[in-house]
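Note sheet for the following structure.
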Amino acid sequence: MLAIWKRELQNYYLTPIGYVFMGIFLLVGGVMFYLGNIMGMTPSAATLLGNLNYIFMLTVPILTMRLLSEERRTKTDQLLITSPLRIWDIVGGKFLAAATVVLLTTCCTLLYIALLSRYTDRMYPAAIACNYLGFLLLSLCYVALGLLMSALTESQVSAAVLTLGVNILLQILESVFSSSSFALPGALSFLRPVLSWFSLYSRYNQFAAGRLSFANILYYLSFSGLMLFLTVRVIDRRRWSEG
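Under my numbering, the letters of the sequence shown match residues 3 to 245, in that order.
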């Protein structure tokens with residue numbers, strides 16, 4: 003797994019992908035920070051990370067689209083599959099490489115927090131840490147989902163579109179079903195609390211409010227683990243069908 007992690011991390015920065023992702027994320031994030039926090043006079047870490055969350059949701063396909071689809075297109079996936087490495091090691095290494103880029107990019111956003119601290123003395127380290135923990139956990143879910151989408155196709159463009167489409171669909175469903183103006187038929191009214199429980203975004207709101215919940219941490223880790231498990235199953239099934 004460590005060898006895969008090192009190789010993929012090098013690939014991110016030996017090719018434009020890592021720089022493009024970080025550049026777009028930080029550039030758009032900087033604009034949102036200026037408009038939402040500085041011009042909007044809202045010196046809040048929760049507002050900042052809430053905006054960054056939407057940006058990450060839209061830019062994560064850049065990070066994940068090539069992880070497995072490129073291997074499949076160039077047929078190097080067969081070399082990996084037939085190597086002594088377990089499929090879990092391959093998937094885990096690629097996931098950790100993308101997660102490392104996410105972590106490095108997130109660390110860059112601490113500059114925004116430093117700038118915010120100049121405008122207010124109500125910056126509470128514990129609340130900020132809780133916000134960042136929720137942001138990172140949700141980001142890992144995006145990465146794991148993108149990795150699964152990348153395993154389903156050999157086209158990087160298709161993988162990116164699939165990832166973006168699923169992310170937007172989940173966000174739309176969250177917005178619709180959480181809206182009090184959206185009324186479900188009586189027989190389906192039970193769906194609202196069920197969907198709310200499964201929602202990635204409603205749980206993030208608790209982190210944004212400074213409420214640390216181990217149940218929410220476990221849910222995010224379980225979601226990421228499930229996406230990685232499904233990715234392994236997709237690769238394993240393809241190995242047997244093509245073998």
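The beta carbon of each residue, even a glycine, is placed where N, CA and C say it ideally should be. Since we're looking at a predicted model, the values are computed, not measured.
Here the C-alpha atom of residue 32 lies approximately 13 angstroms from the C-alpha atom of residue 116.
For residue 236, same chain residues with a beta-carbon under 6 angstroms away, outside a window of 5 residues either side, are 153 in chain order. Assigned with DSSP and collapsed to three states, residue 67 falls in coil, not helix or strand. The segment 5-22 and the segment 85-103 touch, with no fewer than 3 CB-CB distances between them shorter than 8 angstroms. Taking the Cα of residue 211 as reference, the smallest distance to any Cα among 137, 143, 240 is reached at 137. Residue nearest to residue 206 within the set 44, 28, 54 is 54 (criterion: CA-CA distance).
Taking a contact to require three or more Cβ pairs closer than 8 angstroms, the segment 105-112 and the segment 127-142 qualify as touching. For the beta strand (DSSP E) assignment, the segment 107-140 encloses no uninterrupted run of at least 3 residues. Taking the Cα of residue 88 as reference, the smallest distance to any Cα among 228, 5, 177, 223 is reached at 5. Per DSSP, reduced to three states, the secondary structure at residue 148 is helical. Within the same chain, and ignoring the five residues on either side of residue 162 in sequence, the residues whose Cβ sits closer than 6 angstroms to its Cβ are 63, 67. With respect to residue 104, residue 142 sits close: the two C-beta atoms are nearer than 9 angstroms. Taken through DSSP and simplified to helix, strand or coil, residue 176 comes out as helix.
Residue 146 is a Cβ neighbour of residue 229, given a cutoff of 9 angstroms. Here DSSP, grouped into helix, strand and coil, assigns residue 86 to coil. Each residue's CA atom was taken as its position, placing residue 46 and residue 126 some 10 angstroms apart.
Just measuring C-alpha positions, the residue of 19, 233, 172 sitting nearest residue 149 is 233. Apart from the 5 residues on each side of it in sequence, residue 221 sits with its Cβ closer than 7 angstroms to the Cβ of 205 in its chain, given in chain order. Counted as a single uninterrupted DSSP element, the stretch harbouring residue 3 is not any alpha helix (DSSP H), since DSSP gives it neither H nor E.
In the DSSP assignment, residue 203 falls within the unbroken alpha helix (DSSP H) covering 202-210. Relative to the Cα of residue 165, the nearest Cα in the group 216, 38, 58, 219 belongs to 58.
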